[in-house]
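Worksheet for the structure shown next.
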Amino acid sequence: MAERTALNASTERGIERRAPARRGVPWRTQGPVLAAIAVGGALGACARYATALLWPTASGAFPWTTFWVNVSGCAVIGVLMVVITDIGAGHRLVRPFFGTGVLGGFTTFSTYTVDIERLTDTGRATTGLLDLVATALGALAAVWTTAHLTRRVIEWRTS
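Position one of the sequence shown corresponds to residue 914 (my numbering), numbered consecutively onward.
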């Protein structure tokens, strides 16, 4: 009875006792997630590389391919995250595979920074600055717009 009173008193003071965390085998739960991210990332990176081969950027020119890869990838991320979070559809590996893996591998903010560096190193600092601002704003606008529109479509379809 004394233990029960102590537990109630500690709960009243805002202190809660928690059961110790069970230590399981992390690879049983995280292994499939890491595998989904890796496979998705490889597919996304291959798609990005193929896009760069299909639409190469001339030296010193605005890197339109990288720009559109990042903006379109962010647009798809906006749709995917709303569908997964608002509808709750899909397997537990959908988000890591498509969101982190495929779309994370497809969008290329590392190449974006290399493009800016190349532009500034070749005396095209204004174009590099334009790329810096346009890609960041374009990516943010794409995520916000597609997330907003996807929510409106879901609301419209469910009403």
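Using N, Cα and C, we set each Cβ at its ideal position, and we do this for glycine too.
DSSP state of residue i mapped onto helix, strand, coil
i: Thr1020; result: coil
i: Ser985; result: helix
i: Pro976; result: coil
i: Ser923; result: Low confidence applies to Ser923: its pLDDT is 49, below 50, so where it sits in the model is not reliable enough to give any reading.
i: Pro969; result: coil
i: Arg1070; result: helix
i: Arg1005; result: coil
i: Thr1035; result: coil
Neighbourhood of residue i by C-beta, 7 Å cutoff - its chain only, sequence neighbours within 5 removed
i: Tyr1025; result: Thr979, Asn983, Thr1048
i: Ala1054; result: none
i: Leu1006; result: Pro945, Val946, Ala949
i: Pro976; result: Thr970, Asp1028, Asp1044
i: Thr1035; result: Gly973
i: Gly1144; result: With the chain covering 914 to 1072 only, the question about residue 1144 has no answer from this structure.
i: Thr964; result: Thr978, Val982
Environment of residue i [buried if 16+ CB atoms lie within 10 Å]
i: Thr1039; result: exposed
i: Glu1068; result: exposed
i: Phe990; result: Here residue 990 turns out to be Ile, not Phe, going by the sequence shown. Label assigned to Ile990: buried.
i: Thr1058; result: exposed
i: Pro969; result: exposed
i: Ala955; result: exposed
i: Gly1083; result: The shown model of the chain, from 914 to 1072, leaves out residue 1083, and the question about it has no answer.
i: Val1046; result: exposed
i: Arg1065; result: exposed
i: Leu1032; result: buried
i: Arg1070; result: exposed
i: Leu966; result: exposed
i: Val1056; result: buried
Nonlocal neighbours in the same chain, by C-beta distance under 8 Å from residue i, ignoring five residues either side
i: Ile1000; result: Ile1067
Beta-carbon proximity list for residue i, same chain, < 6 Å, skipping 5 on both sides
i: Gly986; result: Leu1016, Phe1019, Thr1020
i: Ala951; result: none
i: Val995; result: Ala1060, Thr1063, Arg1064
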